[in-house]
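Read the structure below first, then the notes.
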Amino acid sequence: MSEARRWAQQTGHVSSIAHACINDAMLSCYRRDFASLRDVIEDLRQLTALHHLPSLVVSAQIFEGWCDGNAGQLERGKDKMREGLGLHGQVQTPEDEPVYCAMLAELLARSGEI
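For the sequence shown, the working numbering gives the first residue as 1, with consecutive numbering after it.
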């Protein structure tokens, strides 16, 4: 992933950079590598600060909620994820939504809601 992200940065193409970041975030989720995921979340926020990319704001919020929920802040994490998922359909294509819903379901199961 680091090579893909380096290549995307070298191109300067914002969509390629964003796509590489999202793929890195997904891989970090699958690996349950919360430290790496938090680093990617910060990168998403920096990219958003430079360019108007509302979809990245929403994705960062969802990922951060999942990290928070897995770090003992279950209610805060679920709230962030629910809010992010509510906004997701307005600003993002649906391909990542099943993964995000599964991440929220994990937190809901942990709190006994499902």
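All C-beta atoms, glycine included, are put in the ideal place defined by N, C-alpha and C.
All values derive from a computational prediction rather than experimental measurement.
**Prompt:** How many angstroms separate the CA atom of I114 from the CA atom of L27?
**Reply:** Linking I114 to L27 through their CA atoms gives a straight-line distance of about 25 Å.
**Request:** Report the three-state DSSP secondary structure of E113 (helix, strand or coil).
**Result:** Judged by DSSP in its simplified three-state form, E113 adopts coil rather than helix or strand.
**Prompt:** Going along the chain, which unbroken runs of the alpha helix (DSSP H) with 4 or more residues stay wholly within the region 68 to 92?
**Reply:** List check, alpha helix (DSSP H) in window: 74 to 91.
**Request:** Pick out whichever of Y30, D96, I62, R45 has its Cα sitting closest to the Cα of E83.
**Result:** The residue from Y30, D96, I62, R45 with its alpha-carbon nearest to that of E83 is I62.
**Prompt:** Which same chain residues, not among the five before or five after L74, have their C-beta less than 7 Å away from its C-beta?
**Reply:** Non-local C-beta neighbours of L74 in its own chain, meaning closer than 7 Å and more than five positions away in sequence, comprise L107, R110, S111, ordered along the chain.
**Message:** Assuming V40 and A25 are in contact, meaning their beta carbons sit under 8 Å apart, how far apart are those beta carbons, in whole angstroms?
**Reply:** Rounded, the Cβ-Cβ distance is 4 Å, consistent with contact.
**Prompt:** Quick one: Cα of H88 to Cα of L104, how far?
**Reply:** Each residue's alpha carbon lies about 13 Å from the other.
**Prompt:** Where does the unbroken alpha helix (DSSP H) through H19 begin, and where does it stop?
**Reply:** Residues 14 to 31.
**Asked** Which same chain residues, not among the five before or five after C29, have their C-beta less than 8 Å away from its C-beta?
**Response** Contacts found: L37, F63, W66, V99, M103.
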